[in-house]
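A.B. asks: In order, the protein sequences belong to chains A and B.
Take the first sequence: its position 231, counting from 1, is numbered 231 in our numbering, and each next residue is one higher.
Take the second sequence: its position 167, counting from 1, is numbered 455 in our numbering, and each next residue is one higher.
For glycine and all other residues, C-beta sits at the position ideal for the given N, C-alpha and C.
Quantities reported herein were computed from a predicted structural model and do not represent experimental measurements.
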Amino acid sequence: MLGQVLVSGITAGAVYALVALGFVVLHRGTRVVHFGLGDQLTLSAYAVVVGQVFLGLPFWAAVLLSLALSAGFGVLIERGVMRPLRGSPLLVMVIATLAIGAAIREAIRVGMGPQPWPIPFVLSPAPFTVGGLVLVPATLAVAGVATVVMLGLFLMLRHTRFGRAIVAVYENPTGAAIVGISVQDVHARLWVLASVLAAVAGILVAPLITLSPDMGTIGIKGFAAAILGGFNSLPGAIAGGLLLGILETAAGVYVSTAMKDVVSYGLLIACVLLLPQGLFGKAEARKV
Amino acid sequence: MHALRILGLLATLGALAALPFVAASHIVYLVALIGSTSIIVAGLSVVIGQSGQISIAQASFAALGAYGTAQLANMAGVPHWIGLPAVSLGTALVGYLFGLLSLRVADHYLALATMALCAIVQLLLVHMEDWTGGAVGLQVPPLALGGRILTQPVELYAVIVPLAVATAWFLYALQGSRTGRAFAAARMSEVGAAAVGIPVLRYKALAFSISAFLGALGGGLFALQTTYLDPAQFGILESVRLIAIAVIGGLLNPLGPAIGAAVFVLLPETMGALGRSMGLVFSLLLIAFIILAPGGLAGLAGRIRLNLAQRRAEVSRR
């Protein structure tokens with residue numbers, strides 16, 4: 001039983017980890033917490049549906065199209081909304097990202113209707129058993145893709161100019177600017193990166209839960225994972241995601257399925273109140 | 289200027305008093321709806337505008353007021369005129385406690401905590417079927433005063449609109465009061481406020497409890513008008529809508545909640561077939577408003593100016 005909880009928890013957690021990575025990648029560089037990221041998950045999944053159903057594309061082409069559109073959308077948000085708002089109070093930024101999320105959700109509701117849409121699994125959803133553990137290819141694919149994406153992210157940050165510029169801005173924006181890195185460009189890259197991470201998570205998770213305009217509430221789970229991980233540590237975000245996935249699955253099995261979401265939201269509040277630096281982050285001094 | 293403003297206010301009050309005698313009952317209903325919405329939003333004026341803290345939980349406070357009053361009447365037979373003030377005070381206590389807890393963190397952590405609170409309240413509304421009617425919703429018992437049942441738009445108007453006017457006056461009075469000035473000081477600089485002896489934490493929690501009280505009061509009144517409660521009405525999206533109303537009306541203007549509510553209630557009425565996409569229109573409106581008129585977020589001007597100064601200092605340092 002415990003083994004089963006761990007396996008199911010880790011697959012659920014892999015998606016949360018991707019979303020949490022999106023939040024952290026963006027926040028470390030720009031200090032913005034993007035409250036609309038959850039709705040970007042929904043948007044990318046709908047882009048796949050539109051590509052398949054309305055444009056007649058094969059699944060992989062629709063996925064590529066959706067990833068490209070998400071990257072473009074990230075640039076659009078940075079250029080159109082966040083850049084003009086640079087230097088405004090955090091409160092204004094929070095309201096702006098909330099508004100972006102609401103706009104995405106409402107646009108989907110208007111364009112595609114409130115009803116759920118079917119979206120194909122990456123692999124078969126038929127379960128098989130190995131050594132007493134029930135495994136589902138579709139959810140294994142989720143965990144596999146998420147792992148590959150995360151590895152790719154870390155390799156990119158460590159070994160490419162693109163990624164090292166980002167790390168430089170993380171460490172010290174002024175210093176990065178002095179050695180000739182355009183901080184504004186890096187911000188745009190971070191928005192692209194976060195949007196693409198959200199897109200991957202959205203496409204992976206949509207077949208497992210229901211694809212409807214309200215799917216974006218899963219973003220709160222990503223928040224909880226990011227906070228568990230300390231909100232400024234990338235490995236922390238992954239660990240937080242996996243931990244949340246396991247805790248939530250355990251709550252679903254041992255308490256009640258209805259309380260699954262309550263557990264993860266309650267965890268979020270408890271963590272914010274009692275452990276704002278998370279399990280892996282460093283406490284940030286409050287600035288005057 | 290001052291005399292003109294007073295004249296304008298008197299004219300508005302006169303028009304509000306005369307309205308039920310001359311206007312069609314649908315108009316009376318809409319104006320009363322603006323009234324109850326403006327009371328809910330007034331809570332956000334206090335917590336976001338005056339005290340400068342973000343709250344994404346206003347829809348849950350409204351839900352507590354609406355469900356609490358309705359179920360006190362349904363299950364225990366408590367009349368609204370006792371139940372609504374009692375539930376509002378109870379919600380204010382919840383807000384105060386939540387505020388006290390959240391004071392340990394600020395800014396986006398506070399936003400996250402209030403967002404999670406909103407999600408939890410909505411989940412509980414759906415899952416605690418015995419207490420809330422569950423996902424199906426809940427019938428709201430009508431308002432009874434002295435054996436008379438008030439359901440007509442005009443009768444509800446007579447109850448709601450005076451309360452909305454009183455709320456606007458309260459916002460005005462609060463801003464100039466000792467408490468309001470403490471809110472403003474804490475908003476501009478927490479450290480500065482603490483340095484001159486303002487117990488910042490207590491005032492921030494107080495702002496939360498006022499917002500919870502107004503949210504519950506407005507929510508209870510709103511429930512009387514719609515007569516039916518659906519948990520889907522009280523989610524995070526509704527909280528964001530309420531923030532949009534507050535921002536577009538003007539966060540520091542005592543009449544802001546009423547102005548914003550008027551826009552949000554009347555615009556869909558006049559748009560006809562476009563009504564289905566109102567949510568989208570309002571979200572885009574909010575984004576445009578934030579980008580084009582950050583000065584419209586008048587309450588934050590102090591902070592913005594501070595930020596600009598910081599930026600200039602940064603630039604000159606480069």
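Can you look up residue 510 of chain B in the DSSP assignment and give me helix, strand or coil?
C.D. replies: Of the three classes helix, strand and coil, the one that applies to residue 510 of chain B here is helix, per DSSP.
A.B. asks: Between the alpha carbons of residue 223 of chain A and residue 44 of chain A, how many angstroms are there, rounded?
C.D. replies: Rounded to whole angstroms, residue 223 of chain A to residue 44 of chain A spans 19 Å at the Cα level.
A.B. asks: I'd like to know whether the C-beta atoms of residue 273 of chain A and residue 401 of chain B end up nearer to each other than 9 Å.
C.D. replies: Yes, these two residues count as a Cβ contact at 9 Å.
A.B. asks: Helix, strand or coil for residue 436 of chain B per DSSP?
C.D. replies: Here residue 436 of chain B sits in strand by DSSP.
A.B. asks: Using DSSP's beta-bridge definition, name the partner residues of residue 516 of chain B.
C.D. replies: For residue 516 of chain B, which the question treats as bridged, DSSP gives the partners B/427.
A.B. asks: Could you tell me if residue 236 of chain A is buried or exposed, where buried requires 16 or more neighbouring beta carbons within 10 angstroms of its beta carbon?
C.D. replies: By the 10 Å Cβ count, residue 236 of chain A comes out buried.
A.B. asks: So if DSSP puts residue 135 of chain A in a beta bridge, which residue, or which two residues, is it bridged to?
C.D. replies: Answer by DSSP bridge pairing, in chain order: A/128.
A.B. asks: Please go through the same chain and pick out, in chain order, the residues whose beta-carbon is closer than 6 Å to the beta-carbon of residue 302 of chain B, but skip the five residues on each side of it.
C.D. replies: So the list is empty, once near-sequence residues are dropped.
A.B. asks: If we count the other Cβ atoms within 10 Å of its Cβ and call it buried at 16 or more, is residue 78 of chain A buried or exposed?
C.D. replies: Burial call: buried.
A.B. asks: Please classify residue 288 of chain A as buried or exposed, where buried requires at least 16 other C-beta atoms within 10 Å of its C-beta.
C.D. replies: Confidence at residue 288 of chain A is low in this model, with a pLDDT of 41, below 50, so its placement is unreliable and no value can be given for it.
A.B. asks: Should the segment 218-233 of chain A be called in touch with the segment 91-98 of chain A, which here means at least 3 C-beta pairs below 8 Å?
C.D. replies: Result no; under three Cβ-Cβ pairs closer than 8 Å.
A.B. asks: Report the rounded CA-to-CA distance for residue 537 of chain B versus residue 337 of chain B, giving the unit in angstroms.
C.D. replies: If you take the alpha carbons of residue 537 of chain B and residue 337 of chain B, they lie about 11 Å apart.
A.B. asks: Should residue 53 of chain A go down as buried or exposed, given a rule of 16 or more other Cβ atoms within 10 Å for buried?
C.D. replies: Classification for residue 53 of chain A: exposed.
A.B. asks: Hey, does residue 570 of chain B have any beta-carbon neighbour from chain A nearer than 9 Å?
C.D. replies: Yes, residue 570 of chain B lies at the interface with chain A (some Cβ there is under 9 Å from its Cβ).
A.B. asks: Quick one: residues in its chain with C-beta nearer than 8 Å to the C-beta of residue 164 of chain A, no 5 flanking neighbours on either side, listed in chain order?
C.D. replies: Excluding sequence neighbours, residue 164 of chain A sits near 157, 158.
A.B. asks: Residue 290 of chain B touches chain A at which residues, Cβ-Cβ below 7 Å?
C.D. replies: The premise fails here: residue 290 of chain B is roughly 31 Å from chain A at the closest Cβ pair, so nothing lies under 7 Å.
A.B. asks: Does any residue of chain A have a CB that is nearer than 9 Å to the CB of residue 333 of chain B?
C.D. replies: No, because no Cβ of chain A sits closer than 9 Å to the Cβ of residue 333 of chain B.
A.B. asks: Apply the 10 Å Cβ neighbour rule to residue 39 of chain A and answer buried if 16 or more other Cβ atoms are within range, or exposed otherwise.
C.D. replies: Classification of residue 39 of chain A: buried, given that the 10 Å Cβ count is 16 or more.
A.B. asks: Count the other C-beta atoms from every protein chain shown that fall within 10 angstroms of the C-beta of residue 433 of chain B, then say buried if there are 16 or more, exposed otherwise.
C.D. replies: By the 10 Å Cβ count, residue 433 of chain B comes out exposed.
A.B. asks: Where do the ends of the alpha helix (DSSP H) carrying residue 82 of chain A lie?
C.D. replies: No alpha helix (DSSP H) contains residue 82 of chain A, which DSSP labels as neither H nor E.
A.B. asks: Check residue 151 of chain A in the structure and name its three-state DSSP category.
C.D. replies: Here residue 151 of chain A sits in helix by DSSP.
A.B. asks: Could you check how far apart the C-beta atoms of residue 428 of chain B and residue 511 of chain B are, in whole angstroms? I think they sit under 8 Å.
C.D. replies: Contact holds; Cβ gap of about 5 Å.
A.B. asks: I want to know whether the segment 64-71 of chain A touches the segment 167-177 of chain A - three or more CB-CB distances under 8 Å.
C.D. replies: Short answer: they don't touch.
A.B. asks: Identify which residue in A/243, A/234, A/192 has its Cα closest to the Cα of residue 73 of chain A.
C.D. replies: When only C-alpha atoms are compared, the closest one is A/192.
A.B. asks: From residue 470 of chain B to residue 542 of chain B, what distance separates their C-alpha atoms?
C.D. replies: Each residue's alpha carbon lies about 17 Å from the other.
A.B. asks: Whole angstroms are fine: how far does the CA of residue 564 of chain B sit from the CA of residue 111 of chain A?
C.D. replies: About 11 Å.
A.B. asks: Check the DSSP bridge columns for residue 369 of chain B and list the partner residues they point to.
C.D. replies: Paired residue(s): none; residue 369 of chain B is not in a bridge.
A.B. asks: Since residue 261 of chain A meets chain B, which of its residues come closer than 7 Å, beta carbon to beta carbon?
C.D. replies: 411, listed in chain order.
A.B. asks: List, in order along the chain, the chain A residues whose C-beta lies closer than 8 Å to that of residue 565 of chain B?
C.D. replies: Chain A residues near residue 565 of chain B: 106, 110.
A.B. asks: Taking the alpha carbon of residue 35 of chain A as the point to measure from, which residue in A/17, A/137, A/198 has its own alpha carbon closest?
C.D. replies: Looking at the Cα atoms, A/198 is the closest of the given residues.
A.B. asks: Could you tell me the distance, in whole angstroms, from the CA atom of residue 275 of chain A to the CA atom of residue 443 of chain B?
C.D. replies: Going from the Cα of residue 275 of chain A to the Cα of residue 443 of chain B covers about 50 Å.
A.B. asks: Skipping 5 residues on each side, what residues in its chain have a beta carbon closer than 7 Å to that of residue 371 of chain B?
C.D. replies: Only 357, 360, 361 meet the Cβ criterion.
A.B. asks: Assuming the contact rule is C-beta atoms closer than 8 Å, residue 481 of chain B and residue 473 of chain B should be a hit. Round their C-beta distance to whole Å, please.
C.D. replies: Residue 481 of chain B to residue 473 of chain B, Cβ: 4 Å. Contact.
A.B. asks: Quick one, which residues of the segment 66-96 of chain A are near chain B if we go by CB-CB under 9 Å, in chain order?
C.D. replies: So the list reads 80, 81, 84, 85, 86, 87, 88, 89, 90, 91, 92, 93, 94, 95, 96, given in the order they occur along the chain.
A.B. asks: Are the C-beta of residue 529 of chain B and some C-beta of chain A separated by less than 9 Å?
C.D. replies: Yes, residue 529 of chain B lies at the interface with chain A (some Cβ there is under 9 Å from its Cβ).
A.B. asks: Verify the contact flag: residue 323 of chain B, CB atom, against every heavy atom of the ligand PLP, threshold strictly below 8 Å.
C.D. replies: Although the ligand PLP was asked about, the structure shown includes no ligands whatsoever.
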